[in-house]
Amino acid sequence: MDSPSAPAPSIFRHRDFRLYQIARLCAVLAAQIESVAIGWQVYELTGSALALGYTGLAQFVPFLAFSLLGGQVADRYDRRRILALCQGVMMVCSLLLLSFTLGHFQDVRLVYGILVLFGTARAFYAPAGSALTPYLVPKEELTRAVAVNSITWQVATITGPALGGLLYGWLGGKGVYITSASLCALTIVWILSLKVRTGSASREPVSLKTLVAGLRFVRQKRMLLGSLTLDLFAVLLGGAVALLPIYARDVLHTGPWGLGLLRSAPAAGAAVVAVLLAFRPLGGHAGWKMFIAVAVFGAATLVFGVSTSLPLSLAALAIGGAADMVSVVVRHTLELVSTPDDMRGRVSAVNLMCIGASNELGEFRAGSLAEALGAVHAVVIGAVGTLVVVGLWAWLFPELRNVDRLESAEHRPPRPEQDATESAPSV
Numbered sequence: 001m002d003s004p005s006a007p008a009p010s011i012f013r014h015r016d017f018r019l020y021q022i023a024r025l026c027a028v029l030a031a032q033i034e035s036v037a038i039g040w041q042v043y044e045l046t047g048s049a050l051a052l053g054y055t056g057l058a059q060f061v062p063f064l065a066f067s068l069l070g071g072q073v074a075d076r077y078d079r080r081r082i083l084a085l086c087q088g089v090m091m092v093c094s095l096l097l098l099s100f101t102l103g104h105f106q107d108v109r110l111v112y113g114i115l116v117l118f119g120t121a122r123a124f125y126a127p128a129g130s131a132l133t134p135y136l137v138p139k140e141e142l143t144r145a146v147a148v149n150s151i152t153w154q155v156a157t158i159t160g161p162a163l164g165g166l167l168y169g170w171l172g173g174k175g176v177y178i179t180s181a182s183l184c185a186l187t188i189v190w191i192l193s194l195k196v197r198t199g200s201a202s203r204e205p206v207s208l209k210t211l212v213a214g215l216r217f218v219r220q221k222r223m224l225l226g227s228l229t230l231d232l233f234a235v236l237l238g239g240a241v242a243l244l245p246i247y248a249r250d251v252l253h254t255g256p257w258g259l260g261l262l263r264s265a266p267a268a269g270a271a272v273v274a275v276l277l278a279f280r281p282l283g284g285h286a287g288w289k290m291f292i293a294v295a296v297f298g299a300a301t302l303v304f305g306v307s308t309s310l311p312l313s314l315a316a317l318a319i320g321g322a323a324d325m326v327s328v329v330v331r332h333t334l335e336l337v338s339t340p341d342d343m344r345g346r347v348s349a350v351n352l353m354c355i356g357a358s359n360e361l362g363e364f365r366a367g368s369l370a371e372a373l374g375a376v377h378a379v380v381i382g383a384v385g386t387l388v389v390v391g392l393w394a395w396l397f398p399e400l401r402n403v404d405r406l407e408s409a410e411h412r413p414p415r416p417e418q419d420a421t422e423s424a425p426s427v
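Numbering follows full-length UniProt numbering, in which position 73 of the sequence shown is assigned residue number 73; successive positions increment by one, without gaps.
Below, the structure written as structure tokens:
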């Protein structure tokens, strides 16, 4: 176990881990740059909060439909090849968005169709990427690897929207989508440079039972169930990303550059916390720290909802992102250390289904509520709902509340009386 005073992690000495972080950086940058242009274009064409909500729904529906299958595929085939293939589909999506822009099309349904394709690719990409990490570093360095993964994600999420806003203001949508497609191509190169071969972790025949095995595993692991559903409902209610174009233009009276800053602010706060956790592990009382962090996220969202000042709004989003990062590290580390290797793809798929529901479905929830009540009321109501969820989950899941050190939550072999199909085999 790492001591709190341990020096900076040395996991970058592992070649494949270094290359994977470069690939992740390019992939997330591509998606974040693209998201700014999509949001601004859709709102500019429609002036509708509901239309912004549909951008999230278009990604969520295929993600929900194919996530379990994506987890099954990740447990049966080389995860490196899955990542490269999916990234190729995402590059095609960027090129299709470029064609939409160059053709001066006005029908946003074309954008929704492209986002459906993107969401389908992500349903296979995300479980494979999440399940690949344990192959890249020794088990004792896994908690730090999760933190470094988060740092890479947050760095890209900070710079991506800001860069996207600048590119959109300078070159328009075409500059954004050319840059995104180029980054996708670079991601494919870095992924194919990895030497690790994951092969087939699961030898179980394909069936409905194996397809939903991840759901059964999570249901039996109460602390996992609690952590995943806490994040699901907290962000589903408290997420305000879909409404940022409305806040940028109509509440804070700024332009695409301001939207880029608003999109970057949560990641900036999260990156600070991720760096701290990479150098200084979370330590004891991890369960309670997770609940407190989600409560801070809800409170920060409430402040953002009522703010009419750009600096205050940026500060509130940064604090919310910092708090959310604590929850991310706890949740993802619990998932990795408590799941056997031949189940990681399917359990990761369940986690990512919850993340997709909280993010994309949360965008639709925010957009539809804002259409009826206004953006400010939609954010405030959602933030209050998040705070209610924290209190309720702290009562419903004492197993999660009582988690001390994350390293103590290792996978245990199933009890003899358990059905082998109902529990994961030991590592």
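Backbone N, C-alpha and C fix where the C-beta goes; we use that ideal spot for every residue, glycine too.
Give the straight-line distance between the Cα atoms of residue i and residue j, rounded to the nearest whole angstrom.
i, j, result
"ASP16", "LEU98", "32 Å"
"ILE114", "LYS221", "36 Å"
"MET1", "ALA30", "Only weak support exists for where MET1 lies, its pLDDT of 40 falling under 50; the coordinates are left without a value."
"TRP232", "CYS26", "It should be noted that the sequence gives Leu, not Trp, for residue 232. Taking the straight line from one Cα to the other gives about 26 Å."
"ARG109", "LEU277", "42 Å"
"TYR177", "LEU102", "10 Å"
"ALA424", "LEU236", "Here ALA424 scores only 28 on pLDDT, less than 50, and its place in the model should not be relied on; the value that follows carries that caveat. One C-alpha to the other measures close to 29 Å."
"GLY226", "ALA270", "22 Å"
"VAL296", "PHE105", "42 Å"
"ARG144", "SER327", "15 Å"
"ALA293", "PRO266", "14 Å"
"LEU69", "LEU186", "27 Å"
"LEU259", "VAL389", "29 Å"
"GLY164", "GLY362", "22 Å"
"ARG81", "LEU192", "7 Å"
"ILE11", "ARG79", "21 Å"
"SER264", "ALA162", "6 Å"
"LEU19", "GLN41", "34 Å"
"SER3", "PHE279", "In this prediction, SER3 scores a pLDDT of 44, lower than 50, which makes its location untrustworthy; no coordinate-derived value is stated."
"LEU215", "PHE66", "14 Å"
"GLY47", "TRP395", "42 Å"
"SER5", "ALA318", "Note that SER5 has pLDDT 46, beneath the 50 cutoff, so the model's placement of it is unreliable and the number below is only indicative. Taking the straight line joining both Cα atoms gives about 26 Å."
"GLY173", "LEU252", "23 Å"
"LEU183", "LEU194", "17 Å"
"VAL330", "GLY119", "26 Å"
"PHE100", "VAL92", "12 Å"
"SER307", "ARG76", "49 Å"
"THR55", "ALA366", "12 Å"
"ARG219", "MET343", "14 Å"
Hey, does residue i have any beta-carbon neighbour from chain C nearer than 9 Å?
i, result
"ALA315", "No chain C appears in this structure, which consists of one protein chain only."
Residue i: which of the options sits nearest, CA to CA?
i, options, result
"GLU44", "MET353, ILE381 and PRO245", "PRO245"
"ALA370", "TRP288, ALA123, ALA242 and MET223", "ALA242"
"SER291", "ALA234, LEU252 and ALA271", "One detail in the question is off: residue 291 reads as Phe in this sequence, not Ser. Considering only alpha carbons, the answer is ALA234."
"HIS332", "GLY321, ILE319 and SER348", "SER348"
"HIS285", "PRO398, GLY382 and SER35", "PRO398"
"MET90", "THR179, VAL212 and ASN359", "THR179"
"LEU52", "SER67, LYS174 and SER35", "SER35"
"VAL303", "LEU352, GLY255, GLY382 and MET343", "GLY382"
"THR339", "ALA181, LEU396, LEU142 and TRP153", "LEU142"
"GLU360", "ALA181, PRO62, ALA268 and GLY172", "PRO62"
"GLN154", "MET343, ALA322 and LEU183", "ALA322"
"VAL376", "PHE217, TYR247 and ASP107", "TYR247"
Do residue j and residue i have their beta-carbon atoms positioned less than 9 Å apart in this structure?
i, j, result
"VAL28", "THR133", "no"
"VAL189", "THR301", "no"
"ARG249", "GLN72", "no"
"SER368", "LEU50", "yes"
"TYR125", "LEU83", "yes"
"ALA240", "GLY305", "yes"
"ILE38", "VAL111", "yes"
"TRP288", "ARG401", "yes"
"THR229", "CYS354", "yes"
"ARG122", "GLN59", "yes"
"ILE151", "VAL275", "yes"
"MET325", "VAL403", "no"
"LEU57", "PHE364", "yes"
"LEU21", "VAL146", "Inspection of the sequence shows that residue 21 is occupied by Gln rather than by Leu. No."
"ALA23", "ALA74", "no"
"SER309", "LEU262", "no"
"LEU224", "LEU334", "yes"
"LEU95", "ALA181", "yes"
"GLY169", "GLN32", "no"
Along the chain, where does the alpha helix (DSSP H) that runs through residue i open and close?
i, result
"HIS377", "375-396"
"VAL330", "310-337"
"SER193", "SER193 -> no alpha helix (DSSP H), and no H or E assigned at all."
"LYS289", "286-306"
"SER130", "109-132"
My parser needs the beta strand (DSSP E) runs of 3 or more residues fully inside the segment 11-95; what are they? none
Ignoring anything shorter than 4 residues, give me the alpha helix (DSSP H) runs that lie fully in the segment 214-249, in order along the chain. 222-238
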